[in-house]
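Visitor:
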Amino acid sequence: MVGNDAHPVFRELLPTPGGEVDLAAAYAHPVGLDRPWVRANMVSSADGGAIGPSGRSRDLSSPADRRVMGVLRGLCDVVLVGANTARVEDYGPVKDRASWAELRGGRPATPPVAVVSRSLDLPGRLLTDAPGHARTIVFTVASAPAARRAHVARHADLVVVDGASVTPAHIVNALAARGLYRVLTEGGPHLLAEFTAAGLLDELCLALSPRLLGAGAPRIVSGGPGTPGAPGHASVQSTPVRIAHLLTADDTLFARYVR
Ligand SMILES: NC(=O)c1ccc[n+]([C@@H]2O[C@H](COP(=O)([O-])OP(=O)(O)OC[C@H]3O[C@@H](n4cnc5c(N)ncnc54)[C@H](OP(=O)(O)O)[C@@H]3O)[C@@H](O)[C@H]2O)c1
9 MVGNDAHPVF RELLPTPGGE VDLAAAYAHP VGLDRPWVRA NMVSSADGGA
59 IGPSGRSRDL SSPADRRVMG VLRGLCDVVL VGANTARVED YGPVKDRASW
109 AELRGGRPAT PPVAVVSRSL DLPGRLLTDA PGHARTIVFT VASAPAARRA
159 HVARHADLVV VDGASVTPAH IVNALAARGL YRVLTEGGPH LLAEFTAAGL
209 LDELCLALSP RLLGAGAPRI VSGGPGTPGA PGHASVQSTP VRIAHLLTAD
259 DTLFARYVR
């Protein structure tokens, strides 16, 4: 079958080269999860860049990549992002899709968005337009500006943490306490660095886009401990992952790595 923009066709390359792929089955979570499972979905250029000339990831995106993103959102309990991604990519609440009826499996029609921020400078509609079943969850610190805190608390589920930072462990535990085990983080690179450093990333779904961005583009993991030249480089760790599948569509490769 030949694909088109609306219906890109996915083929499996690994573990078994073959025919058309059922994305929902290919990205199904482990059965019977008894702990939170953190999955990241990121797109990278072939030479490892995560942000294109527009300052956004859309330069790397394709209909196939957006299709995978849709399936992953349909499968998850909560979409987690850093505030800069929410600002730059102008995040709103997740939109309902008719095709999700089966993926949601009795859960509310859409997952909430959870966002992490010290400044509480967040897109307004992410707070005000969320439906009652999926109020936005906002993680922040006690030093966040008081007026913004009050505004966020009126519209969203505000979680205030002591200390200078919200730790990945705190985020995962607070989401699990709300019954939100299947966490889908969509980045950005700084938040992902924190989850990787904390050893709390279970899975990386990586779309490799057929483009080169050169040396100026940040990687999908940026700015945390282990950045070359930054303090903490000596603490770089090598964590083995196994490849659960490799798919292709639209000349893009879709690798699913599991820790
Ligand atoms: N290629 C891809 O797949 C992909 C995916 C996502 C994003 N992107 C791109 O990446 C860029 C944004 O990513 P980014 O790495 O700059 O930022 P980010 O990780 O999305 O967000 C960083 C921000 O999150 C908040 N934050 C992070 N850790 C925190 C902690 N421990 N405690 C409290 N707040 C915390 C802070 O928000 P405040 O500043 O509000 O305090 C911080 O400035 C954009 O250009 C976007 O287009 C690419």
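If you're matching positions, the sequence shown starts at 9 in my numbering and goes up one per residue. Glycine residues also receive a C-beta, built at the ideal position from the N, C-alpha and C atoms.
Kindly list the residues whose CB is nearer than 7 Å to the CB of S69, restricted to its own chain and excluding five residues on each side of it in sequence; keep chain order.
Guide: As a position in the sequence shown, residue 69 is number 61, starting the count at 1. Cβ neighbours of S69 beyond the five flanking positions: V51.
Visitor: Whose C-beta lies closer than 7 Å to the C-beta of H253 among residues of the same chain, with five residues either side of it excluded?
Guide: Mapped onto the sequence shown, residue 253 falls at position 245. Excluding sequence neighbours, H253 sits near E20, L22, P23, A34 and R264.
Visitor: Less than 6 Å separating the Cβ of P159 from some heavy atom of ligand 1?
Guide: Sequence index remark: in the sequence shown, residue 159 carries index 151 (1-based). The identity of residue 159 in the sequence shown is His, whereas the question assumes Pro. Checking the Cβ of H159 against ligand 1 gives no.
Visitor: Taking the C-alpha atoms as reference points, what is the distance between P153 and P116?
Guide: The residue you call residue 153 lines up with position 145 of the sequence shown. The residue you call residue 116 lines up with position 108 of the sequence shown. Each residue's alpha carbon lies about 32 Å from the other.
Visitor: Looking at E194 and N49, is the spacing between their C-beta atoms short of 7 Å?
Guide: Your numbering for residue 49 matches position 41 in the sequence shown. Your numbering for residue 194 matches position 186 in the sequence shown. Cβ distance < 7 Å, so N49 and E194 count as in contact.
Visitor: From T148 to G63, what does the alpha carbon distance come to, in whole angstroms?
Guide: Position 140 of the sequence shown, counting from 1, holds the residue named residue 148. Position 55 of the sequence shown, counting from 1, holds the residue named residue 63. Cα to Cα, the separation comes out at about 25 Å.
Visitor: For the alpha helix (DSSP H) containing I179, list its first residue and its last residue.
Guide: On the sequence shown, residue 179 is found 171 positions in, with the first residue counted as 1. Its alpha helix (DSSP H) spans residues P176 to A185.
Visitor: Among G90, G140, P120 and E110, which has the Cα closest to the Cα of L128?
Guide: Translated into the one-based positions of the sequence shown, residue 128 becomes position 120. It is G90.
Visitor: According to the Cβ coordinates, are P119 and V86 closer than 7 Å?
Guide: As a first step, residue 119 must be located in the sequence shown, where it is residue number 111. As a first step, residue 86 must be located in the sequence shown, where it is residue number 78. Cβ distance < 7 Å, so P119 and V86 count as in contact.
Visitor: Provide the residue span of the alpha helix (DSSP H) that contains R156, from first to last.
Guide: By one-based count along the sequence shown, residue 156 stands at place 148. It spans A154 to H163 - the alpha helix (DSSP H) in which R156 sits, taken as one unbroken run.
Visitor: Relative to the C-alpha of L111, which candidate in C84, R66 and A142 has its C-alpha closest?
Guide: Your numbering for residue 111 matches position 103 in the sequence shown. Ranking C84, R66 and A142 by Cα distance to L111 puts C84 first.
Visitor: What is the residue span of the alpha helix (DSSP H) that A201 lies within?
Guide: By one-based count along the sequence shown, residue 201 stands at place 193. Taken as a continuous stretch (DSSP letters only), the alpha helix (DSSP H) holding A201 covers P197 to A205.
Visitor: Taking the alpha carbon of L31 as the reference point, which residue from V39, D42 and F18 has its own alpha carbon closest?
Guide: Translated into positions along the sequence shown, residue 31 becomes position 23. In terms of Cα proximity to L31, the closest of V39, D42 and F18 is F18.
Visitor: Let me check you understand the geometry: is the CB of E28 closer than 6 Å to at least one non-hydrogen atom of ligand 1?
Guide: Here the question's residue 28 lines up with position 20 in the sequence shown. Every heavy atom of ligand 1 is 6 Å or more from the Cβ of E28, so no.
Visitor: Give me the Cβ distance between V182 and L208, rounded to the nearest whole Å; I'm assuming they're in contact under 8 Å.
Guide: As a working note, residue 182 is residue 174 in the sequence shown. As a working note, residue 208 is residue 200 in the sequence shown. One point to set straight first is that residue 182 is Ala, not Val, in the sequence displayed. A182 to L208, Cβ: 13 Å. No contact.
Visitor: Would you list, in sequence order, the uninterrupted beta strand (DSSP E) runs of no fewer than 3 residues that lie entirely inside the stretch 55-136?
Guide: 86-90 and 121-124
Visitor: Counting C-beta neighbours from all protein chains within 10 Å, is the total for L220 16 or more, i.e. buried, or is it exposed?
Guide: On the sequence shown, position 212 is the one that residue 220 refers to. Its Cβ having fewer than 16 others within 10 Å, L220 is exposed.
Visitor: Among residues of its own chain, excluding the 5 on either side of V174, which ones have a beta-carbon nearer than 6 Å to its beta-carbon?
Guide: In the sequence shown, counting from the first residue as 1, residue 174 sits at position 166. Contacts found: V124 and F147.
Visitor: By alpha-carbon positions, which one of S65, A94 and A58 ends up nearest to R133?
Guide: Your numbering for residue 133 matches position 125 in the sequence shown. Nearest of S65, A94 and A58 to R133, Cα basis: A94.
Visitor: Between which residues of its own chain and V79 is the CB-CB distance below 8 Å, once the five residues before and five after are set aside?
Guide: One-based indexing of the sequence shown puts residue 79 at position 71. Residues of the same chain with a CB within less than 8 Å of the CB of V79, apart from the 5 flanking positions on each side, are L31, A32, Y35 and L111 in chain order.
Visitor: Since S53 contacts A225 with CB under 8 Å, what's their CB separation in whole angstroms?
Guide: The count along the sequence shown starts at 1 and reaches residue 53 at position 45. The count along the sequence shown starts at 1 and reaches residue 225 at position 217. 7 Å between Cβ atoms; contact.
Visitor: If you measure from each CB to the nearest heavy atom of ligand 1 and keep those under 5 Å, what residues do you get, in chain order?
Guide: Per the Cβ criterion, the list is M50, V51, A58, I59, R64, S65, G90, A91, N92, T93, V96, V124, S125, R126, S127, S173, V174, G195, G196, P197, H198 and L199.
Visitor: Assign D210 to buried or exposed, taking buried as 16 or more other Cβ atoms, counted over all protein chains shown, within 10 Å of its Cβ.
Guide: Indexing the sequence shown from 1 puts residue 210 at position 202. The residue in question, D210, is buried, as its Cβ has 16 or more Cβ neighbours within 10 Å.
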